[in-house]
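K.L.:
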Amino acid sequence: MADEETDHLLSKPEKVQVVSRLLKQVPPGEFKEAFSDLRTLVNDDTLMCEEAASLCAVHNKDHFTPVQSEECEVLLTRHNELEENHFIDPQKKISFKYDHLRRMPSDFQAHPEEDEKGEVWRRALQEALNAYVCSHYPEGLCKTLPCLNHQPGGCTSLGDPLLSGFLVLTSASWRDVPKKGLGCFTSKQGAVM
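For the sequence shown, my numbering gives the first residue as 208, with consecutive numbering after it.
1. Taking the CB atoms as reference points, tell me whether E257 and S227 lie closer together than 9 Å.
2. Pair every Cβ in the segment 271–291 with every Cβ in the segment 302–316, then say whether three or more of these pairs are closer than 8 Å.
3. Between the alpha carbons of V249 and Q275, how many angstroms are there, rounded?
4. Taking DSSP's pairing of strands, which residues face S313 in a bridge?
5. Any idea what DSSP makes of P273, helix, strand or coil?
6. Looking only at its own chain, which residues have a Cβ that is under 6 Å from the Cβ of G366, when we skip the five neighbours before and after it?
7. Can you tell me the Cα-Cα spacing of A317 and N292, whole angstroms?
8. Report back the beta-carbon spacing between H286 and L229 to the nearest angstrom; my notes put them in contact at under 8 Å.
9. Between which two residues does the beta strand (DSSP E) carrying C279 extend?
10. Taking the alpha carbon of L216 as the reference point, which residue from L348, D251, D244 has its own alpha carbon closest?
11. Where DSSP assigns a beta bridge to F294, which residues make up the other side?
12. What separation, rounded to the nearest whole angstrom, lies between the Cα atoms of K268 and S261?
13. If V223 sits next to L254, beta carbons under 8 Å apart, how far is it from one beta carbon to the other, in whole angstroms?
14. Counting only beta-carbon atoms, is L229 nearer than 9 Å to chain D?
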């Protein structure tokens, strides 16, 4: 009987794989609760703590997690990640480090715009989108990011790698839309100039 029970136990790498797959499917805004539930089920705090930071970072970037503080108001995505856990807010022209587990931005630094002509277009597009999002999704957040060729999925994902463009990112909750119920959505659109 003991041999049958040990046959069904997962090894540490198998546990990591199962937990990772489950957490990648968690809807926006539910990571903390799902992680807590899985932590109870797995019953291995060391394993969960080892994997928490990277899984949380992937979840935040995949679901355009909003970061709102006095210093910045931005969506966390792979498109505005400068390096691991460092992001840019093009509207405020700052970069910052983000602790995914504590949900805290820190280490704010000036980050001047490299393309002044492109900044004029980005700002105009952002202002038009702000008006739209405010009228349809009062609690929603949209950001227009410069499309950087050196980033995975940058302008090369829009077609011609020589064109400059922008990525328009939106994140809102269905609570923002009257009579739609609960839930969240994200949207990514590309624009080539």
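Glycine included, C-beta positions come from ideal geometry on N, C-alpha and C.
P.N.:
In this structure, then:
1. Residue mapping note: residue 257 aligns to position 50 of the sequence shown, counting from 1. Residue mapping note: residue 227 aligns to position 20 of the sequence shown, counting from 1. Going by C-beta atoms, E257 is not nearer than 9 Å to S227.
2. Yes, the segment 271–291 touches the segment 302–316.
3. By 1-based counting over the sequence shown, the position of residue 249 is 42. By 1-based counting over the sequence shown, the position of residue 275 is 68. Distance between the alpha carbons of V249 and Q275 is about 33 Å.
4. Residue numbering aside, residue 313 sits at position 106 when the sequence shown is read from its first letter. DSSP lists K304 as partners of S313.
5. What you label residue 273 is simply residue 66 of the sequence shown in a count that begins at 1. If DSSP states are grouped into helix, strand and coil, P273 belongs with the strands.
6. Taking the first residue of the sequence shown as position 1, residue 366 is located at position 159. A caution first: G366 carries a pLDDT of 40, below 50, which makes its placement in the model unreliable, though a value can still be read off. Cβ neighbours of G366 beyond the five flanking positions: none.
7. The residue labelled residue 317 in the question sits at position 110 within the sequence shown. The residue labelled residue 292 in the question sits at position 85 within the sequence shown. Distance between the alpha carbons of A317 and N292: 16 Å.
8. Residue numbering aside, residue 286 sits at position 79 when the sequence shown is read from its first letter. Residue numbering aside, residue 229 sits at position 22 when the sequence shown is read from its first letter. Contact flag wrong, Cβ pair sits at about 25 Å.
9. Position 72 of the sequence shown holds residue 279. Unbroken run through C279: none, as it is neither H nor E.
10. The count along the sequence shown starts at 1 and reaches residue 216 at position 9. When C-alpha distances from L216 are compared across L348, D251, D244, the shortest belongs to D251.
11. Position 87 of the sequence shown, counted from the first residue, corresponds to residue 294. Residue pairing of F294 in beta bridges, as defined by DSSP: E288, F303.
12. Translated into the one-based positions of the sequence shown, residue 268 becomes position 61. Translated into the one-based positions of the sequence shown, residue 261 becomes position 54. Between K268 and S261, the C-alpha separation is close to 11 Å.
13. For the purposes of this step, residue 223 is taken as residue 16 along the sequence shown, with counting starting at 1. For the purposes of this step, residue 254 is taken as residue 47 along the sequence shown, with counting starting at 1. That pair is a contact at about 7 Å.
14. The structure shown contains no chain D; it is built from a single protein chain.
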